[in-house]
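Protein chains: 2
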Amino acid sequence: ADQDAMARAREHQDRLTKPRGALGALEDVAVRLAGAAGVCPPPMPVPAALAIFAADHGVHAQGVSPWPQEVTTQMVANFLAGGAVANAFAASAGASVTVVDVGVAADLPAAPGLRAHKIAYGTADLSAGPAMTTEQAAAALRVGVEVAGELIEAGARCLITGDMGIANTTASAALICAYTGRDAAEVTGRGTGIDDATHQHKIGIVRRALEVNRLRAADGFTPERPEDALRALAAVGGLEHAAIAGFILGAAAARVPVILDGVIAGSAALAAVALAPAVAGYCVAGHRSAEPGHAATLDHLGLRPLVDLELRLGEGTGGLLAHPIVSAAVRVMHEVATFDSAGVTEKEG
Amino acid sequence: ADQDAMARAREHQDRLTKPRGALGALEDVAVRLAGAAGVCPPPMPVPAALAIFAADHGVHAQGVSPWPQEVTTQMVANFLAGGAVANAFAASAGASVTVVDVGVAADLPAAPGLRAHKIAYGTADLSAGPAMTTEQAAAALRVGVEVAGELIEAGARCLITGDMGIANTTASAALICAYTGRDAAEVTGRGTGIDDATHQHKIGIVRRALEVNRLRAADGFTPERPEDALRALAAVGGLEHAAIAGFILGAAAARVPVILDGVIAGSAALAAVALAPAVAGYCVAGHRSAEPGHAATLDHLGLRPLVDLELRLGEGTGGLLAHPIVSAAVRVMHEVATFDSAGVTEKEG
Numbered sequence: 004a005d006q007d008a009m010a011r012a013r014e015h016q017d018r019l020t021k022p023r024g025a026l027g028a029l030e031d032v033a034v035r036l037a038g039a040a041g042v043c044p045p046p047m048p049v050p051a052a053l054a055i056f057a058a059d060h061g062v063h064a065q066g067v068s069p070w071p072q073e074v075t076t077q078m079v080a081n082f083l084a085g086g087a088v089a090n091a092f093a094a095s096a097g098a099s100v101t102v103v104d105v106g107v108a109a110d111l112p113a114a115p116g117l118r119a120h121k122i123a124y125g126t127a128d129l130s131a132g133p134a135m136t137t138e139q140a141a142a143a144l145r146v147g148v149e150v151a152g153e154l155i156e157a158g159a160r161c162l163i164t165g166d167m168g169i170a171n172t173t174a175s176a177a178l179i180c181a182y183t184g185r186d187a188a189e190v191t192g193r194g195t196g197i198d199d200a201t202h203q204h205k206i207g208i209v210r211r212a213l214e215v216n217r218l219r220a221a222d223g224f225t226p227e228r229p230e231d232a233l234r235a236l237a238a239v240g241g242l243e244h245a246a247i248a249g250f251i252l253g254a255a256a257a258r259v260p261v262i263l264d265g266v267i268a269g270s271a272a273l274a275a276v277a278l279a280p281a282v283a284g285y286c287v288a289g290h291r292s293a294e295p296g297h298a299a300t301l302d303h304l305g306l307r308p309l310v311d312l313e314l315r316l317g318e319g320t321g322g323l324l325a326h327p328i329v330s331a332a333v334r335v336m337h338e339v340a341t342f343d344s345a346g347v348t349e350k351e352g
Numbered sequence: 004a005d006q007d008a009m010a011r012a013r014e015h016q017d018r019l020t021k022p023r024g025a026l027g028a029l030e031d032v033a034v035r036l037a038g039a040a041g042v043c044p045p046p047m048p049v050p051a052a053l054a055i056f057a058a059d060h061g062v063h064a065q066g067v068s069p070w071p072q073e074v075t076t077q078m079v080a081n082f083l084a085g086g087a088v089a090n091a092f093a094a095s096a097g098a099s100v101t102v103v104d105v106g107v108a109a110d111l112p113a114a115p116g117l118r119a120h121k122i123a124y125g126t127a128d129l130s131a132g133p134a135m136t137t138e139q140a141a142a143a144l145r146v147g148v149e150v151a152g153e154l155i156e157a158g159a160r161c162l163i164t165g166d167m168g169i170a171n172t173t174a175s176a177a178l179i180c181a182y183t184g185r186d187a188a189e190v191t192g193r194g195t196g197i198d199d200a201t202h203q204h205k206i207g208i209v210r211r212a213l214e215v216n217r218l219r220a221a222d223g224f225t226p227e228r229p230e231d232a233l234r235a236l237a238a239v240g241g242l243e244h245a246a247i248a249g250f251i252l253g254a255a256a257a258r259v260p261v262i263l264d265g266v267i268a269g270s271a272a273l274a275a276v277a278l279a280p281a282v283a284g285y286c287v288a289g290h291r292s293a294e295p296g297h298a299a300t301l302d303h304l305g306l307r308p309l310v311d312l313e314l315r316l317g318e319g320t321g322g323l324l325a326h327p328i329v330s331a332a333v334r335v336m337h338e339v340a341t342f343d344s345a346g347v348t349e350k351e352g
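So the sequence lines, in the order shown, correspond to chains R and P.
Counting from 4, one number per residue, gives the positions in the first sequence under my numbering.
Counting from 4, one number per residue, gives the positions in the second sequence under my numbering.
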């Protein structure tokens, strides 16, 4: 991020016809986007483009989710038909919707709006060994980088992460443990709705995944080392997590801001930041999900969520909901008068 | 609010292709708007109309604000020229902006977008006696009701409250004390920026206002009695507070939702709800401001704020920022597929 552009953005905020700091966290968003773009004022983050990366998870066989695995495929069809919440929110935000198959466990018919980049028919069971090979993880990363590049090439000035994958909160919890060093019991949540017994079972699965894959500090695992960062992503991530990490890297490479959705995106961002720390400056936390691991993730990334309304849906819904807030924060930098230009007297003292 | 429409809205939410409750607080917003409109799904809250009620305050002479009183007039000009933050946010939300002079302490030149309804050249000093007569407060209430009616007549399907008035957080703090019974030290904040000494002085002014105007329980004051509710509004409110209370009453009468901005709107809503308790069901809390009295106000009103980003600007900015969230919540009810219609399998158990 460009420190000079950020300093100029702060100075500009202080000349606008409002008390200093009166826009609270929105001022930080505008400064962050100035840093990302390297100019002040930063470009308006419109149009926005949502990419929903869909994939399945071998760990589903362990009974960590009450939803049948085929719901991933069914929801892809729902996205393509325009019937999901993400579609409604995207329409509200004026964002395009692209669906990317990076690893759904079924053959999907070709459809407009669907990009076929299947790397595997779902991952292997992360609690029994690595979910992916490092080659698979790297391939999924490349898909994400490419999709980001294509959307930006097509005119997008803000990317929003989306995900679909039954059982993917289990993979997210394992990634969060690996990258932040937190305990499984602290960061493993109830996803889209499980009872106490299943929740305890899910915590045990996450713990086993970290042991089996030697991702604890006691194993010599050091997430700050890029080779360890990639190994963790492959061992306990999902294909959509890897693709989202690539999507973030691709946005940052083009100096375009990326709004992160919830805990899936957050755990993918941990991987992206472990691989390339500077990308954190291009991320905006769209919202804080109800999943307990998400707060730990945002703390680790140093990001403040813009929306905090107990959403726990994924698909990019929390990122989409934050887009108008990001957009409003930037619009202030373009359109609001200064004390001088408007002839407004400044406060005394 | 229509309990039957609310029940149908809850049932409809549960059939949509998402886990139950996965939209968190947004589900409550959609249910609330169904109750307000008396139909399910509720109408889309677009277009939105912001009304900024501007007025001055006699208590300004007590040195409770670091801003000169003429800033009220200057900011009215800024709103009319399109240069304020509220204008930028309104453009983002697609909302119209109407400025209403209910009591600015200067003659304002006629201008497109300005409604001249001046009731007085500012209020009297609330710490020395009543700020307004009950006739003045009632007249300001009527202005608010009329403006709401005219905006709805012109097509608005969501109203947003805005305010401008140097020193108006002092009046808000006094209103909050009167209607909620809280102590002045608990609810009096730093407004748009004052030092410790001025803050202590401001608390003392609020306390004196309640004493002088006999608005404490020990005085026999009972805010649940409509005549006491109106007397408190007149004694320590501002002309813009009274007009906003009327604006809320006008929205509720037309079954149109009204998004409350920050602490000024919240304290006005306390007056409106004291006068007519049912109007609470037509209010949505746009945001929680940094002012300490606002949290107490929202608690009292039973409203959960949608945006919580430490804004402390007023003008309607927090309400405008929440509008896309409200709109997205309602859009879900119109556009999202059900499990049956989309052929998505429901969760087991």
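Even glycine gets a Cβ: it sits at the ideal position worked out from N, Cα and C.
Open item on the list: Between residue 153 (chain P) and chain R, is any beta-carbon pair separated by less than 7 Å?
Closed with: Your numbering for residue 153 (chain P) matches position 150 in the second sequence. Residue 153 (chain P) does not count as touching chain R.
Task: Secondary structure of residue 167 (chain P), DSSP reduced to three states - done: Here the question's residue 167 (chain P) lines up with position 164 in the second sequence. Residue state for residue 167 (chain P) is assigned as strand, using DSSP reduced to three classes.
TODO: With a threshold of 16 other CB atoms inside 10 Å of the CB of residue 351 (chain P), please say whether the residue is buried or exposed.
DONE: By one-based count along the second sequence, residue 351 (chain P) stands at place 348. Classification for residue 351 (chain P): exposed.
- [ ] Scan the segment 73-124 of chain R and note each continuous alpha helix (DSSP H) run of 4 residues or more that stays entirely inside, going in chain order.
- [x] List check, alpha helix (DSSP H) in window: 73-84, 88-96.
- [ ] Find the residues of chain P that neighbour residue 293 (chain R), judging by a C-beta separation of less than 8 Å, and give them in chain order.
- [x] In the first sequence, counting from the first residue as 1, residue 293 (chain R) sits at position 290. Chain P residues near residue 293 (chain R): 27.
- [ ] Determine the direct distance from the alpha carbon of residue 176 (chain P) to that of residue 209 (chain P), and round the result to whole angstroms.
- [x] The sequence position of residue 209 (chain P) within the second sequence is 206, counting from 1. The sequence position of residue 176 (chain P) within the second sequence is 173, counting from 1. So the alpha carbons of these two residues sit roughly 7 Å apart.
Open item on the list: Please confirm whether residue 92 (chain R) has its beta-carbon closer than 7 Å to some beta-carbon of chain P.
Closed with: Within the first sequence, the letter at position 89 stands for residue 92 (chain R). Output row for residue 92 (chain R): interface = yes.
Task: Close Cβ partners of residue 49 (chain R) (< 8 Å) along its chain, the five nearest in sequence each way excluded - done: Translated into positions along the first sequence, residue 49 (chain R) becomes position 46. Once the five neighbours on either side are set aside, the close Cβ partners of residue 49 (chain R) are 97, 160, 161, 330.
Task: Straight-line Cα distance separating residue 224 (chain P) from residue 326 (chain R) - done: Along the first sequence, read from residue 1 onward, the residue named residue 326 (chain R) stands at position 323. Along the second sequence, read from residue 1 onward, the residue named residue 224 (chain P) stands at position 221. Counting only the Cα atoms, residue 224 (chain P) lies some 46 Å from residue 326 (chain R).
- [ ] Check whether the Cβ atoms of residue 52 (chain R) and residue 182 (chain R) sit closer than 7 Å, and answer yes or no.
- [x] Start at 1 with the first residue of the first sequence, and residue 52 (chain R) comes out as number 49. Start at 1 with the first residue of the first sequence, and residue 182 (chain R) comes out as number 179. No, the pair does not count as a contact, with Cβ atoms beyond the cut-off.
Task: Proximal residues of chain R, C-beta to C-beta of residue 21 (chain P) below 9 Å - done: The residue labelled residue 21 (chain P) in the question sits at position 18 within the second sequence. One finds 87, 88, 195, 316, 318, 320 in chain R with Cβ atoms closer than 9 Å to the Cβ of residue 21 (chain P), taken in chain order.
- [ ] Identify whether residue 42 (chain P) lies in helix, strand or coil by the three-state DSSP scheme.
- [x] Position 39 of the second sequence holds residue 42 (chain P). Residue state, collapsed to three classes: coil.
TODO: Spell out the partners DSSP gives residue 54 (chain P) in its beta bridges.
DONE: As a working note, residue 54 (chain P) is residue 51 in the second sequence. Partner(s): P:101, P:164.
Open item on the list: Against residue 347 (chain R), what residues of chain P qualify as contacts under a CB-to-CB distance less than 7 Å, listed in chain order?
Closed with: Taking the first sequence and counting its residues from 1, the one referred to as residue 347 (chain R) is at position 344. Those are 74, 77, 78, 81, listed as they occur along chain P.
- [ ] Mind listing the chain R neighbours of residue 324 (chain P)? Cutoff is C-beta to C-beta under 7 Å, in chain order.
- [x] Within the second sequence, the letter at position 321 stands for residue 324 (chain P). Simply 328, 331.
Task: Given residue 265 (chain R) as reference, the closest of R:152, R:236, R:194 once Cα atoms are compared - done: By 1-based counting over the first sequence, the position of residue 265 (chain R) is 262. Residue nearest to residue 265 (chain R) within the set R:152, R:236, R:194 is R:194 (criterion: CA-CA distance).
- [ ] Taking a Cβ distance cut-off of 8 Å, strictly less, list which residues of the segment 289-313 of chain P are near chain R, in chain order.
- [x] Taking a C-beta cut-off of 8 Å against chain R, the contacting residues of the segment 289-313 of chain P are 293, 309, 310, 311, 312, 313, listed in chain order.
- [ ] Identify the continuous alpha helix (DSSP H) that holds residue 261 (chain R) and give its terminal residues.
- [x] Here residue 261 (chain R) refers to the residue found at position 258 when the first sequence is read from its first residue. No alpha helix (DSSP H) holds residue 261 (chain R); the beta strand (DSSP E) holding it covers 261-263.
Open item on the list: Whole angstroms are fine: how far does the CA of residue 256 (chain R) sit from the CA of residue 236 (chain R)?
Closed with: Here residue 236 (chain R) refers to the residue found at position 233 of the first sequence. Here residue 256 (chain R) refers to the residue found at position 253 of the first sequence. Taking the CA atoms as reference points, residue 236 (chain R) sits about 20 Å from residue 256 (chain R).
Open item on the list: If I measure Cβ to Cβ from residue 109 (chain R) and keep anything under 6 Å in the same chain, skipping five residues before and after, which residues do I get?
Closed with: If you number the first sequence from 1, residue 109 (chain R) lands on position 106. Excluding residues within five positions, the ones whose Cβ falls inside 6 Å are 76.
- [ ] Kindly indicate which three-state DSSP category residue 62 (chain R) falls into: helix, strand or coil?
- [x] Reading the first sequence from its first residue, position 59 is the one you call residue 62 (chain R). Residue 62 (chain R): helix per DSSP, three-state reduction.
TODO: Check whether the segment 333-350 of chain R touches the segment 75-89 of chain P, counting contact only when three or more Cβ pairs, one atom from each stretch, lie closer than 8 Å.
DONE: The segment 333-350 of chain R vs the segment 75-89 of chain P: in contact.
- [ ] Output the distance between the C-alpha atoms of residue 213 (chain P) and residue 219 (chain P), rounded to the nearest integer angstrom.
- [x] In the second sequence, counting from the first residue as 1, residue 213 (chain P) sits at position 210. In the second sequence, counting from the first residue as 1, residue 219 (chain P) sits at position 216. C-alpha separation (whole angstroms): 6 Å.
- [ ] May I have the straight-line CA-CA distance separating residue 301 (chain P) from residue 241 (chain P), to the nearest angstrom?
- [x] The sequence position of residue 301 (chain P) within the second sequence is 298, counting from 1. The sequence position of residue 241 (chain P) within the second sequence is 238, counting from 1. Going from the Cα of residue 301 (chain P) to the Cα of residue 241 (chain P) covers about 20 Å.
Open item on the list: Tell me the DSSP secondary structure of residue 183 (chain P) in three-state form.
Closed with: Working through the second sequence from its first residue, we reach residue 183 (chain P) at position 180. Residue 183 (chain P) falls in the helix class under three-state DSSP.
Task: chain R residues whose Cβ lies nearer than 8 Å to that of residue 351 (chain P) - done: Here the question's residue 351 (chain P) lines up with position 348 in the second sequence. Ordered by position in chain R, the residues that pass the 8 Å Cβ test against residue 351 (chain P) are 69, 70, 71.
Task: residue 287 (chain P): first and last residue of the uninterrupted beta strand (DSSP E) it sits in - done: One-based indexing of the second sequence puts residue 287 (chain P) at position 284. The continuous beta strand (DSSP E) containing residue 287 (chain P) extends over residues 286-288.
Open item on the list: Taking DSSP's pairing of strands, which residues face residue 341 (chain R) in a bridge?
Closed with: Locating residue 341 (chain R) in the first sequence gives position 338, counting from the first residue. In DSSP, residue 341 (chain R) forms a bridge with R:19.
Open item on the list: What residue range does the alpha helix (DSSP H) around residue 295 (chain P) cover?
Closed with: For this step, residue 295 (chain P) is matched to residue 292 along the second sequence. Where residue 295 (chain P) is concerned, the enclosing alpha helix (DSSP H) starts and stops at 295-304.
TODO: Within the same chain, show all residues whose beta-carbon is closer than 7 Å to that of residue 72 (chain R), passing over the 5 residues directly before and after it, in chain order.
DONE: On the first sequence, residue 72 (chain R) is found 69 positions in, with the first residue counted as 1. Counting only Cβ-Cβ distances below 7 Å, and skipping sequence neighbours, we find 59, 63, 108, 169.
Open item on the list: Check this for me: beta carbons of residue 324 (chain R) and residue 310 (chain R), under 7 Å apart or not?
Closed with: Your numbering for residue 324 (chain R) matches position 321 in the first sequence. Your numbering for residue 310 (chain R) matches position 307 in the first sequence. In this structure, residue 310 (chain R) lies closer than 7 Å to residue 324 (chain R) by Cβ.
Task: Where the alpha helix (DSSP H) containing residue 268 (chain P) begins and where it ends - done: Residue 268 (chain P) sits at position 265 when you count from the first residue of the second sequence. Annotation: the continuous alpha helix (DSSP H) that includes residue 268 (chain P) extends over 266-278.
Open item on the list: For the pair the segment 303-317 of chain R and the segment 27-45 of chain R, tell me if three or more CB-CB distances fall below 8 Å.
Closed with: A contact exists between the segment 303-317 of chain R and the segment 27-45 of chain R.
Task: Cβ pair residue 54 (chain P), residue 101 (chain P) closer than 7 Å - done: Indexing the second sequence from 1 puts residue 54 (chain P) at position 51. Indexing the second sequence from 1 puts residue 101 (chain P) at position 98. Their beta carbons are under 7 Å apart, which means residue 54 (chain P) touches residue 101 (chain P) by this criterion.
Open item on the list: For a cutoff of 7 Å on Cβ pairs, would you count residue 340 (chain R) as touching chain P?
Closed with: Against the first sequence, residue 340 (chain R) aligns to sequence position 337. So, interface residue.
TODO: Please determine, among P:69, P:248, P:20, P:252, the residue with the shortest C-alpha to C-alpha distance to residue 166 (chain P).
DONE: Numbered from 1 along the second sequence, position 163 holds the residue referred to as residue 166 (chain P). The option with the nearest alpha carbon to residue 166 (chain P) is P:248.
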